[in-house]
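S.K.:
In this note's numbering, the protein residues as written are 522 to 1444.
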């Protein structure tokens, strides 16, 4: 990126630069005071040199030469220092983003796209009728699904300190240097930075799946518990004020999910016990918060019966309150809330087997459902409003009602996931044991479907109580039986989906259904009744071939009567998951994105013809190579009919921390996540998508060329896997026990068997970012050739078609984070010089070609011309990456050279974490 920023841009970003200098100065003071002047001076020399590299005042080798041979014990504080510099820079950027947004609002400018305010304005301009809006928002759901990620290992203490520093920095901006609190705020910031420096950034112990469950729940404490219900209430109120007779959104639209503890695809550590742990810890958090808030409400709602009348319903609740009638005798709301707390305590104790801290040891009858709790709270609310106390009702009581409505007794929906190959093995064993069929794998697809459909019709289980099964089958059925117990305890919303990885056929879907039936989850019905299941079966189409065949698979399974009856029992709702990660790893960036778009078009058409309500679940990772990028833009780039008020998408890695660690950021990102589906649905209703070019086969030739170019490198070049393993830290991702999941599905050297997270993460750490761009340049260059009309056609597509514009914008974002000079240092780790020269040469040539074609198609001078905020972010933070990358290369060389000391391993892990924090979407 050049230095040609305008004076206006510099002035707008001045507060950000000041904050970064201020926080960096405090960190530097802390390091000097506690690590000594020698360490501080070395850090400063490296930092100064890294910034000189950015300004192109010295050669790229300057930092590497300075760090060459640094003793490991000296490298560790260097790594920690630059990791914390980056963390504090992130914090300053988040504050700046809120500052700019506030300035935008205060200036009276129109609301910005991706905000709900902007979405409401577009809804108003569309002049839709209430019945149309109600129809398209039937069963509306927007669900961010939290998943585990190997680099997200920061400790709770670090998050807490970040939050404190953020608030103190905001306070400091509101004060003048002469104000009494100004100096105190700086002292407090220094205190928190010292705490940060004295706290280990990551744990040394191997991350267990129980740790990952706790990390996922951390975000509810930080933001999600308060922000999600508030947004739900806001959206419902806004829509109902516009269409008061439509009764829109009877259920909260924004409802979170999780894969942590339910995703056992390739993870042997997910067991029946883990499923129970994940569900129970989530529920315990919800019950604990509800009971704490009831305690607060009992303290605050002190209205006297001598002054305020209450409804008969509240009077009846008050009668069931404190056993001693004299306690708060004339304060009916306190007594009523005590009665509600007693029943909710009994509910929690029954569900969890223990009483939460704020619970009451009581003989009260437990609530059967969350709605029963809401009925009592609604009675309190109605009574308060009837007596003119709406102002009080709209505070803590409203917040609790919205929370229970959103989170129920389960807090978040836990998905189950397993690979179709495992299902086949278990079903084969069950059918053989029962005598239903002794050689299921030998059957044709049609015969498999017939056999499975017949078994789904019968109430007879395949197994008796004394069946002897393999370890695999025993474990799989144990997980499903645990899921049944969770559903019975916490409700159907606790585990609503069963995702089938690598789903390729109708029988793959019916096998999962049969296993759900065997566990008692799927009810086959009676001769008069139809089958039903509280758990929906969700095929996951992952490879490019499977995406191409996905619509046919869905159409065929809907023609199986027993399966269609299951879908009908679920309100004709069928969810389909699309795999961004494996399709990208399979065919490269452009081919995968086009395959996903084509799959959505085909699935929407199947839904239209079959009469089902399609919900798409987007398996997006944090990085562009795994489907990342701005959610709002990605949603608006979906084909017509692909959203219809509902979608789910995965959230993982550093993206979770970036989005949901702080209240303002969480609110902003969740607003954006809702704005996209609402606008996309509106666009489909009013026909705004008609101006887009027809999608039919428009990018087929380019996608085919991109896939071929990608295959030539990844699949066809001899030695590519060896190059990948030696030129990136992928081996160390597995060896250093980062995360609970093994790095590969199978113990092979195949790219196909490697998990997408380590695949993308390794390329990101090495600053190649290959999954986010490779093959696109060749595809566009070959297709355009010497024909200026073809180039003009691509430019028109970029200008008019949101999908193509988003694809190229995301490509530019990821390429801006690449650095092939640093990547060359990683390539030097490859022992075979010929292999190194061949493959790195291919990467370097394609990198230059892709940038050249991006500039030609878009007309932009630079990669981030259309994204100045990211350009500024890269400008500010990337000099801190230079030493982290250089030290990682050096430590990898030491480890692979035989120095397997704990200090070297810790240093590598710290560099991985620091780089992931800096890149913010590394895997």
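Glycine included, C-beta positions come from ideal geometry on N, C-alpha and C.
1. Evaluate contact between the stretch 728–745 and the stretch 1179–1196, counting only Cβ atoms and requiring at least three cross-stretch pairs below 8 Å.
2. Measuring straight from C-alpha to C-alpha, what distance separates residue 666 and residue 778?
3. Below 9 Å between beta carbons: does that hold for residue 767 and residue 654?
4. State buried or exposed for residue 820, treating a residue as buried only when at least 16 other CB atoms are found within 10 Å of its CB.
5. Assess, as a yes-or-no matter, whether the stretch 856–869 is touched by the stretch 807–814 under the definition of 3 or more beta carbon pairs within less than 8 Å.
6. Taking 8 Å as the limit between beta carbons, can you name the residues of its chain near residue 642, skipping five residues before and five after?
7. To the nearest angstrom, how far is the alpha carbon of residue 894 from that of residue 1284?
8. How far does the alpha helix (DSSP H) with residue 938 in it extend, from its first residue to its last?
9. Would you mind working out which of 1162, 1360, 1132 and 898 sits nearest residue 1236, comparing C-alpha positions?
10. Do residue 932 and residue 738 have their C-beta atoms within less than 9 Å of each other?
11. Which one of 714, 689 and 1018 has the shortest CA to CA distance from residue 704?
12. In chain order, what residues of the same chain have a beta carbon less than 8 Å from the beta carbon of residue 1121, not counting five sequence neighbours either side?
13. Comparing C-alpha positions only, which one of 834, 757, 1113 and 1350 sits nearest to residue 899?
14. Under three-state DSSP, which class holds residue 888?
15. Cα separation between residue 1428 and residue 858?
16. Note down the Cα distance separating residue 648 from residue 1202, rounded to an integer number of angstroms.
17. Closer than 8 Å is the cut-off here; do at least three beta carbon pairs connect the stretch 815–832 with the stretch 908–920?
18. Which residues in the same chain have their Cβ closer than 6 Å to the Cβ of residue 807, if we skip the five residues on either side of it in sequence?
19. Would you kindly check if the distance between the Cβ of residue 1074 and the Cβ of residue 1030 is under 9 Å?
20. In the structure shown, what three-state DSSP assignment does residue 1098 receive?
21. Should residue 880 go down as buried or exposed, given a rule of 16 or more other Cβ atoms within 10 Å for buried?
22. Looking at C-alpha atoms only, which residue of 1301, 1291 and 1271 is the closest neighbour of residue 1226?
23. Spatial neighbours of residue 606 within its chain, please: CB distance less than 7 Å, with the 5 preceding and 5 following residues excluded, ordered by chain position.
24. Taking DSSP as the reference, what is the three-state secondary structure of residue 1171?
25. For residue 802 and residue 1069, what's the separation of their Cα atoms in angstroms?
26. Can you look up residue 1491 in the DSSP assignment and give me helix, strand or coil?
27. Please state whether DSSP places residue 1323 in a helix, a strand or coil.
28. Determine the contact status of residue 978 and residue 891, defining contact as a CB-CB distance below 9 Å.
29. Does the Cβ of residue 1439 have 16 or more other Cβ atoms within 10 Å, making it buried, or fewer, making it exposed?
30. Opposite residue 1071 in the DSSP bridges: which residues?
31. Look up residue 930 in the DSSP assignment and say whether it is helix, strand or coil.
32. Take the Cβ of residue 823 as the centre, count every other Cβ of all protein chains shown within 10 Å, and call the residue buried at 16 or more, exposed below.
33. Starting from the N-terminal side, write out each stretch of the alpha helix (DSSP H) that is 4 residues or longer and does not extend beyond the stretch 1416–1440.
34. What first and last residue would you give for the beta strand (DSSP E) that runs through residue 546?
35. Can you check DSSP and say which residues form a bridge with residue 1138?
36. Rounded to the nearest angstrom, what separates residue 1391 and residue 1194 at their Cα positions?
M.R.: In short, the structure shows the following:
1. The stretch 728–745 and the stretch 1179–1196 touch, with no fewer than 3 CB-CB distances between them shorter than 8 Å.
2. For the purposes of this step, residue 666 is taken as residue 145 along the chain shown, with counting starting at 1. For the purposes of this step, residue 778 is taken as residue 257 along the chain shown, with counting starting at 1. Their backbone Cα atoms lie some 4 Å apart in a straight line.
3. On the chain shown, residue 767 is found 246 positions in, with the first residue counted as 1. On the chain shown, residue 654 is found 133 positions in, with the first residue counted as 1. The answer is yes: Cβ separation under 9 Å.
4. By 1-based counting over the chain shown, the position of residue 820 is 299. So residue 820 counts as exposed.
5. The way I'd put it, the stretch 807–814 does touch the stretch 856–869; three or more beta-carbon pairs between them come closer than 8 Å.
6. Position 121 of the chain shown, counting from 1, holds the residue named residue 642. If we look at residue 642 and ignore the five residues flanking it on each side, its Cβ neighbours are 631 and 632.
7. Position 373 of the chain shown, counted from the start, is the residue given in the question as residue 894. Position 763 of the chain shown, counted from the start, is the residue given in the question as residue 1284. Distance between the alpha carbons of residue 894 and residue 1284: 50 Å.
8. As a working mapping, residue 938 is identified with position 417 in the chain shown. Run containing residue 938: none in the alpha helix (DSSP H); it sits in the beta strand (DSSP E), 937–940.
9. In the chain shown, residue 1236 corresponds to position 715, counting from 1. Among 1162, 1360, 1132 and 898, the Cα nearest to that of residue 1236 belongs to 1360.
10. Along the chain shown, one-based indexing puts residue 932 at 411. Along the chain shown, one-based indexing puts residue 738 at 217. At a Cβ-Cβ threshold of 9 Å, residue 932 and residue 738 count as neighbours.
11. Here residue 704 corresponds to residue number 183 of the chain shown, with the count starting at 1. The residue with the shortest Cα to Cα distance from residue 704 is 689.
12. The residue you call residue 1121 lines up with position 600 of the chain shown. The residues are 1099, 1137, 1159, 1160 and 1163.
13. Working through the chain shown from its first residue, we reach residue 899 at position 378. Residue 834 is the option with its Cα nearest to residue 899.
14. Indexing the chain shown from 1 puts residue 888 at position 367. Coil.
15. Here residue 1428 corresponds to residue number 907 of the chain shown, with the count starting at 1. Here residue 858 corresponds to residue number 337 of the chain shown, with the count starting at 1. The alpha-carbon atoms of residue 1428 and residue 858 are separated by roughly 53 Å.
16. By 1-based counting over the chain shown, the position of residue 648 is 127. By 1-based counting over the chain shown, the position of residue 1202 is 681. Distance between the alpha carbons of residue 648 and residue 1202: 14 Å.
17. A contact exists between the stretch 815–832 and the stretch 908–920.
18. Translated into the one-based positions of the chain shown, residue 807 becomes position 286. Cβ neighbours of residue 807 beyond the five flanking positions: 928 and 932.
19. Working through the chain shown from its first residue, we reach residue 1030 at position 509. Working through the chain shown from its first residue, we reach residue 1074 at position 553. Yes, Cβ-Cβ distance for residue 1030 and residue 1074 is below 9 Å.
20. Within the chain shown, numbered from 1, the residue matching residue 1098 stands at position 577. Secondary structure of residue 1098 (DSSP, three-state): strand.
21. Translated into positions along the chain shown, residue 880 becomes position 359. Label assigned to residue 880: buried.
22. Position 705 of the chain shown, counting from 1, holds the residue named residue 1226. Here the closest residue by C-alpha is 1301.
23. Sequence index remark: in the chain shown, residue 606 carries index 85 (1-based). Correct list, in chain order: 545, 548 and 1401.
24. Locating residue 1171 in the chain shown gives position 650, counting from the first residue. Assigned with DSSP and collapsed to three states, residue 1171 falls in strand.
25. As a first step, residue 802 is located in the chain shown; it is residue number 281 there, counting from the start. As a first step, residue 1069 is located in the chain shown; it is residue number 548 there, counting from the start. Those two C-alpha atoms are separated by around 39 Å.
26. This structure cannot speak to residue 1491, because the chain is shown only from 522 to 1444.
27. Within the chain shown, the letter at position 802 stands for residue 1323. In this structure, residue 1323 counts as helix in the three-state DSSP scheme.
28. Against the chain shown, residue 978 aligns to sequence position 457. Against the chain shown, residue 891 aligns to sequence position 370. The answer is no: Cβ separation not under 9 Å.
29. Counted from its first residue, the chain shown places residue 1439 at position 918. Buried, because 16 or more other Cβ atoms sit within 10 Å of the Cβ of residue 1439.
30. Looking up residue 1071 in the chain shown gives position 550. Beta-bridge pairing by DSSP links residue 1071 to no other residue.
31. The sequence position of residue 930 within the chain shown is 409, counting from 1. It is coil, neither helix nor strand.
32. Here residue 823 refers to the residue found at position 302 of the chain shown. Per the 10 Å Cβ criterion, exposed.
33. Taken in chain order, the unbroken stretches of alpha helix (DSSP H) that lie wholly in the stretch 1416–1440 and span 4 residues or more are 1423–1440.
34. Counting from 1 along the chain shown, the entry for residue 546 is found at position 25. Looking at the DSSP string, residue 546 is not in any beta strand (DSSP E); the run it does join, the alpha helix (DSSP H), is 535–556.
35. Indexing the chain shown from 1 puts residue 1138 at position 617. DSSP output for residue 1138 lists 1098 and 1169 as bridge partner(s).
36. As a position in the chain shown, residue 1391 is number 870, starting the count at 1. As a position in the chain shown, residue 1194 is number 673, starting the count at 1. About 19 Å.
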